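Going by this note's numbering, the sequence shown runs without a break in its numbering and finishes at 959. Ideal Cβ placement from N, Cα and C applies to all residues, glycine included. No experiment lies behind these values; they were computed from the predicted model shown. Right, one structure below, let's go through it.
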Amino acid sequence: MKVRQILNNNVAIVDRGGHESIVYSTGISFKKKVGQPIDDSEIEKIYVLDSKDRLEHFSYMLSNSDEKTISLVNHLVAHGEEAIGKKANDYLYLTLLDHISFALKRAEKGQFIRSPLAWEVKKFYPVYFEIGLHALRMIQDSFGIEFPEDEAVSLALHFVNLQEDRMRIDEKIEDMETLRDMLNIIKYHFQVKFDETSMNYLRLVTHLQYFIERLRNKQPYEGDEMTLFHHVKELYPESFEAVEKIEIYVKGKYNEYLSKDEYTYLMIHINRVTERKDDNP
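Written as structure tokens, this is what we have:
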């Protein structure tokens, strides 16, 4: 490959068989000139972008970013790849560099964001959230700036997007918001604070997750539990009222009614998590 353009002391655009790529290597502009050949062994990182626009955007970002930030992003992506066991595309470097550079500028002004998805990401993407926390530790070590956990959530979502396609991510986020809403309906109906470490709570969350998936796919659970429904309704009238509120929510969001079987099992799970004092089956 040959050097096509020097962007700054550490970044250059090269020609790789007729295709342009960006290379990063400490002091590259002191070692090479335009038109000179460069070997892979001399390069710390090669970025391959899939469009001219992304190449130009990344070129601009790299040429206007300091070496500490670029190195931090490179190490963060390597850590994330190891944590999730999947190779990142080079677009992730661009989005993270853009995000972290802007976050550092915000921090200088004392501007920190709050993430509306903090609860969901912590609960359902713990590995990715840990990557975000790792990023915050790296930023504090490199720049001496301490970010709130909400920033870890935003950084984690970059890696979630790597794992799943955009449409699936949008569905996942919507499902997590639905789960949060349903749990809040139960919590405020009973005026209780859930023990999120209890087995009964985990059973309820698991049931709701499958319930939401069935709603999305329009596959209501149908069995032969009519007698059990009436029995459970009589036993747990408060739980029945809570499920009625959930049905109102579901009707508004999915235009679906709950089957008697869904009512039955939701009442049982809700009663367990709001009334029982132990985790025995």
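As the crow flies, the alpha-carbon of Thr704 is around 8 Å from that of Val689. Sequence-distant Cβ neighbours of Asp873 in its own chain, meaning closer than 7 Å and more than five residues away, are Tyr879.
The C-beta distance from Val755 to Tyr803 rounds to 17 Å, too long to fall under 8 Å, and the pair is not in contact. For Ile748 and Ile851, the gap between their C-alpha atoms comes out near 30 Å.
In this structure, the beta-carbon distance from Ile684 to Leu740 does not fall below 8 Å.
DSSP lists Ile700 as the beta-bridge partner residues of Tyr725.
Residue environment for Ile691: buried (at least 16 other C-beta atoms within 10 angstroms of its C-beta). Scanning the stretch 801-864 for uninterrupted alpha helix (DSSP H) segments of 4 residues or longer gives 804-821, 827-841, listed from N- to C-terminal end. Per the DSSP secondary-structure output, Gln683 pairs in a beta bridge with Ile691. Excluding five sequence positions before and after Gln789, none of the CB atoms of its chain fall closer than 6 Å to its own CB.
Residue burial is scored here from C-beta neighbours: His947 has at least 16 other C-beta atoms within 10 angstroms and is therefore classed as buried. Closest in alpha carbon position to Thr952, among Val928, Met877, Asn933, is Met877.
Minimum Cα-Cα distance from Ala813 among the listed residues Lys938, His908, Leu775, Tyr738 corresponds to Leu775. The beta carbons of Tyr702 and Asp768 sit no closer together than 8 Å.
According to the DSSP assignment, Pro915 belongs to the alpha helix (DSSP H) that extends over 915-932. Burial check for Ser729: the Cβ neighbour count within 10 Å stays below 16, so the residue is exposed. In this structure, Arg858 and Glu798 form a Cβ contact; the two beta carbons are roughly 6 Å apart against a cut-off of 8 Å. In this structure, the beta-carbon distance from Leu782 to Ile823 falls below 8 Å.
In summary, His909 is exposed, with fewer than 16 beta-carbon neighbours lying within 10 Å of its beta-carbon over all protein chains present. The Cβ neighbour count for Tyr914, taken over all protein chains shown within 10 Å, is at least 16; the residue is labelled buried. Of the residues Asp693, Glu722, Val712, Lys765, the one whose Cα lies closest to the Cα of Leu733 is Asp693. If you look at Asn752, you'll find it in the alpha helix (DSSP H) that goes 745-762.
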